[in-house]
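Here the protein sequences come in this chain order: H and P. One point on numbering: in our numbering, the residue at position 38 of the first sequence is 39, and numbering is uninterrupted. One point on numbering: in our numbering, the residue at position 75 of the second sequence is 882, and numbering is uninterrupted. The beta-carbon is built from N, C-alpha and C at its ideal position, and this holds for glycine as well. Just so it is clear, the structure is predicted and the values come from calculations on it, not from any experiment.
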Amino acid sequence: YTYFGGKPKWNRDTLTYAFSETHKLDYPTSDDVKTVFRRAFGRWASVIPVSFKEVDDYTTANLKIGFFAGDHGDGKPFDGVLGTLAHAFAPKNGRVHFDAAETWVVNDDFGSKVAVDLESVATHEIGHLLGLGHSSRESAVMYPILPPRTKKVDLTVDDVAGVLRLYGPNPELRLDSLAELKDSLRNG
Amino acid sequence: RNLPDEYTTKATQTIKVSNATRHDFSRLVDVQLGSHVSGVSELKRYLHRFGYVKDDGSGSSKNFSDVFDGRLESAISLFQQNLGLPITGRLDTSTVTLMSSPRCGVSDTHMINNGMHVTAR
């Protein structure tokens, strides 16, 4: 695991998030998208003492989620189908942008050759929002590459160890359920 | 730069999706150091985009040449290290496949700045 320069992090135990009303997808539906993000946030919240709360007000939310196409004004234009899928900003910026041109799927409907699993990318980008950089471990959620028709949503030891060093453990986190992590921490 | 959180326009936006725009560097597999091959400049732009190649000093990343030079070899080695590949500095199939795969748009600069230096074997 790696961190952004300066190792920025949030200093609050509840982060609010909201979806842009103007930059959203027609399909999947908003409800499906929200369900996906709820699960993705839940994975990170299960290991660190930070909770995530959905709010309606996009302008005041800590984390701002939107789907954009092409040049959308942040100096990091999207490039159409595949290529770059999404990007997020380090704490405490809070913005996360997904390429609206992708064929986003939410229910493992990988019929299209260019289908991209929204939950996998959301889980990855939330890692960035929390302060994690990219990992060299191919199995890690924070590995920067995700082939089409691939689902990778489970946090690995590498992801968990990285975020634990930023935020500490969720009091309800059972390390004995993560045997590999326990060994890793024991070994420093 | 202070940038707006998002454009506030509410105009209907039609997104034209015709062809996949993924980078396809497959024709560069096994290109050798010192070669001049069309497409190498595009590879340099890709590596520049993700923090592996600095620009040529002119301030424009559009001026990359098609020469497979030592700087490109170093950048490939660094890419291989960061992506968990064997560090060869060569454009082998597995390296080119990863470079052609969809990815997160966040630069790998934070990985590069960890201070480790690599040498191709």
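Best match in H:I49, H:D100, H:P92 for proximity to K10 of chain H [C-alpha to C-alpha]: Restricting attention to H:I49, H:D100, H:P92, the CA atom closest to the CA of K10 of chain H is found in H:P92.
Chain P contact for F38 of chain H (CB, 8 Å cutoff): The C-beta of F38 of chain H comes no closer than 8 Å to any C-beta of chain P.
Nearest-angstrom Cα separation, counted from G67 of chain H out to L810 of chain P: Any reading at L810 of chain P must be qualified, since the residue scores a pLDDT of 44, below 50, and its modelled position is unreliable; the value itself is stated next. If you take the alpha carbons of L810 of chain P and G67 of chain H, they lie about 15 Å apart.
Contacting residues, own chain, Cβ-Cβ under 6 Å from D915 of chain P (five flanking each side not counted): Taken in chain order, the residues that qualify are F857, G858, N889.
Local Cβ density within 10 Å of S884 of chain P, reported as buried at 16 or more and exposed below that: Under this definition S884 of chain P is a buried residue.
Where V164 of chain H meets chain P, residues with beta-carbon distance less than 7 Å: The contacting residues do not exist; V164 of chain H stays about 15 Å from chain P at best.
Expected contact under 8 Å - CB spacing of S907 of chain P and S833 of chain P to nearest Å: Contact check for S907 of chain P and S833 of chain P: beta-carbon distance about 6 Å, within the 8 Å limit, so the pair qualifies.
Own chain partners of R897 of chain P with C-beta closer than 6 Å, once the 5 adjacent residues on each side are dropped: Cβ neighbours of R897 of chain P beyond the five flanking positions: none.
Counted within 10 angstroms of its Cβ, other Cβ atoms place E22 of chain H as buried (16 or more) or exposed: Burial check for E22 of chain H: the Cβ neighbour count within 10 Å stays below 16, so the residue is exposed.
Whole-Å CB distance - T902 of chain P paired with L892 of chain P, under 8 Å assumed: With 8 Å as the limit, T902 of chain P and L892 of chain P qualify as a contact, their Cβ atoms being about 6 Å apart.
Beta-carbon separation (whole angstroms), V97 of chain H vs W105 of chain H, contact threshold 8 Å: Contact doesn't hold; Cβ gap of about 14 Å is too wide.
Helix, strand or coil at H129 of chain H according to DSSP, with G and I counted as helix: Note: H129 of chain H maps to helix in three-state DSSP.
Partners in chain C for P148 of chain H, counting only beta-carbon separations shorter than 8 Å: Given the protein chain composition of this structure (H and P), no chain C is represented.
Buried versus exposed call for Q887 of chain P [16 or more other C-beta atoms within 10 Å across all chains shown]: The residue is buried, with at least 16 neighbouring Cβ atoms inside 10 Å.
Own chain residues within Cβ distance below 7 Å of I127 of chain H, not counting five before or after: Exclusion of the five residues before and after I127 of chain H leaves A41, F42, W45 as the residues of its chain whose Cβ lies within less than 7 Å of its Cβ.
Between the CA atoms of S31 of chain H and V913 of chain P - distance to the nearest angstrom: Looking at the two C-alpha atoms, the distance is approximately 25 Å.
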